[in-house]
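Trainee:
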Amino acid sequence: MELAGKTAVIIGGGGGIGRGVSLGLAAAGMNVVVADLESGTAQSVADEVNAAGNRAFAATVDATDPASLDELARLVVRENGAVHVLVNLVGVITNRRLDKASEGEWAWFFEFNVMAHVRGNNAFLPHLRAHGEPAHIVNTSSMAGLLALGPAMVGGFNNGLYTTTKHALIGYCDMLRMELEPEGIGVSVLCPGLVAGNLSATSARNRPDRFGGPVANPREGMAPNSAAMPNERVGPIVARAIAENRFYIFTHRDPQQLVAERHAQVTADLAFLDAQSVGETGGAHRAFRSGRPPE
Ligand SMILES: NC(=O)c1ccc[n+]([C@@H]2O[C@H](COP(=O)([O-])OP(=O)(O)OC[C@H]3O[C@@H](n4cnc5c(N)ncnc54)[C@H](O)[C@@H]3O)[C@@H](O)[C@H]2O)c1
1 MELAGKTAVI IGGGGGIGRG VSLGLAAAGM NVVVADLESG TAQSVADEVN AAGNRAFAAT
61 VDATDPASLD ELARLVVREN GAVHVLVNLV GVITNRRLDK ASEGEWAWFF EFNVMAHVRG
121 NNAFLPHLRA HGEPAHIVNT SSMAGLLALG PAMVGGFNNG LYTTTKHALI GYCDMLRMEL
181 EPEGIGVSVL CPGLVAGNLS ATSARNRPDR FGGPVANPRE GMAPNSAAMP NERVGPIVAR
241 AIAENRFYIF THRDPQQLVA ERHAQVTADL AFLDAQSVGE TGGAHRAFRS GRPPE
């Protein structure tokens, strides 16, 4: 789709990757609405876009609240006439073993890493449909949505809640893309590698009271990871992917080998089944493609 002159809403745009995406879509000629729970950070990103000679305004939204999302959608249409692109970046991370995670922590992760995206899309879909022009949704997963990186691979960090919910979001995006494709609405899933951002800090300070309230930032006092990609480099990648309607949006090539190894594991375990001569696998394979609903 042509981006110039169209409007994009970036939810979670007040920092990190959201800042990069806001700058990048604005540089591609879009009018950008930088929406965040934290109004100050949203405003400073909007100021940065405007200072670069592009167009943005800031808005406050709680991506876990359908009424707040509806209000944002109405505000954007009132101010800009229409909305063509929605980018959801909200997420949370914490260091917790799966066998130690409470019901409340599971609910917190599904709320932010899955339902905030579902709710944002539901609030904006009527407006993405209303103008009859091409439109696009980007939801944000992670390389952790495609890989399971155990503590040994990530400095002892227990990524289980994050990995589980980021995997769930990719399944949602894959199915949503198929549902919306006939209407000319594209769906992408952004799967960043390591990019400069503040996720540990924003997760800790914005945890709602219903999930236990704010906690101390586990990275307090730690220097930013110098290996992280500057977030402004993600913007042009996302702009190109939207324009070309790509499904996966990657920022790094280095996990490619790990993805290939994971898929090789799937292939090897399918071959393991074949090796047991269960007989009916050819028929089952045809059934997947038969067009019939699941039993
Ligand atoms: N930075 C990375 O290396 C990396 C890698 C892979 C995936 N991701 C994903 O990218 C997304 C953004 O990560 P980031 O590192 O830029 O984080 P970040 O914390 O810098 O940005 C997230 C933004 O979302 C906002 N936010 C939090 N709760 C909100 C709510 N209820 N409503 C509206 N806004 C809310 C925060 O205030 C913050 O500005 C996350 O989904 C994260 O999982 C990040």
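Oh and the sequence shown: position 111 is 111 in full-length UniProt numbering, straight run, nothing missing. No residue lacks a Cβ here, since even glycine has one placed at the ideal position from N, Cα and C.
Using DSSP's beta-bridge definition, name the partner residues of residue 248.
Mentor: The sequence position of residue 248 within the sequence shown is 248, counting from 1. Note: residue 248 sits in a beta bridge opposite 189.
Trainee: For residue 4, which residues of its own chain have a beta-carbon under 8 Å away from its beta-carbon, when the five flanking residues on both sides are left out?
Mentor: Taking the first residue of the sequence shown as position 1, residue 4 is located at position 4. 28, 29, 30, listed in sequence order.
Trainee: Roughly how many angstroms lie between the CA atoms of residue 16 and residue 273, to the nearest whole one?
Mentor: Taking the first residue of the sequence shown as position 1, residue 16 is located at position 16. Taking the first residue of the sequence shown as position 1, residue 273 is located at position 273. If you take the alpha carbons of residue 16 and residue 273, they lie about 44 Å apart.
Trainee: My guess is that residue 61 and residue 36 are in contact by the Cβ rule of under 8 Å, so how many angstroms apart are they, rounded?
Mentor: Here the question's residue 61 lines up with position 61 in the sequence shown. Here the question's residue 36 lines up with position 36 in the sequence shown. The pair is a contact, with the Cβ atoms about 7 Å apart (cut-off 8 Å).
Trainee: Helix, strand or coil for residue 170? Go by DSSP, reduced to three states.
Mentor: Taking the sequence shown and counting its residues from 1, one reaches residue 170 at position 170. Here residue 170 sits in helix by DSSP.
Trainee: Across which residues does DSSP place residue 136 in a beta bridge pair?
Mentor: Within the sequence shown, numbered from 1, the residue matching residue 136 stands at position 136. Paired residue(s): 85, 186.
Trainee: Excluding five sequence neighbours on each side, which residues of the same chain lie with their C-beta closer than 8 Å to the C-beta of residue 254?
Mentor: Your numbering for residue 254 matches position 254 in the sequence shown. 193, listed in sequence order.
Trainee: Determine the contact status of residue 58 and residue 83, defining contact as a CB-CB distance below 8 Å.
Mentor: Taking the sequence shown and counting its residues from 1, the one referred to as residue 58 is at position 58. Taking the sequence shown and counting its residues from 1, the one referred to as residue 83 is at position 83. No. Outside cutoff.
Trainee: Take residue 247 and list the residues in its own chain whose beta-carbon comes closer than 8 Å to its own, dropping the five residues that flank it on each side.
Mentor: In the sequence shown, counting from the first residue as 1, residue 247 sits at position 247. Hits under 8 Å: 173, 174, 177, 187, 188, 189.
Trainee: Check whether the stretch 125-139 touches the stretch 72-88, taking contact to mean three or more Cβ pairs, one atom from each stretch, closer than 8 Å.
Mentor: With a cut-off of 8 Å, the stretch 72-88 and the stretch 125-139 count as touching, because enough Cβ pairs lie within range.
Trainee: Please find out if some non-hydrogen atom of ligand 1 comes closer than 7 Å to the beta-carbon of residue 39.
Mentor: For the purposes of this step, residue 39 is taken as residue 39 along the sequence shown, with counting starting at 1. Checking every heavy atom of ligand 1 against the Cβ of residue 39, none is found closer than 7 Å.
Trainee: On a Cα-Cα basis, can you pick out the residue from 148, 235, 240 that is closest to residue 265?
Mentor: The sequence position of residue 265 within the sequence shown is 265, counting from 1. It is 148.
Trainee: In terms of alpha-carbon separation, which member of 223, 207, 171, 229 lies closest to residue 196?
Mentor: Your numbering for residue 196 matches position 196 in the sequence shown. Out of 223, 207, 171, 229, 229 has the C-alpha closest to the C-alpha of residue 196.
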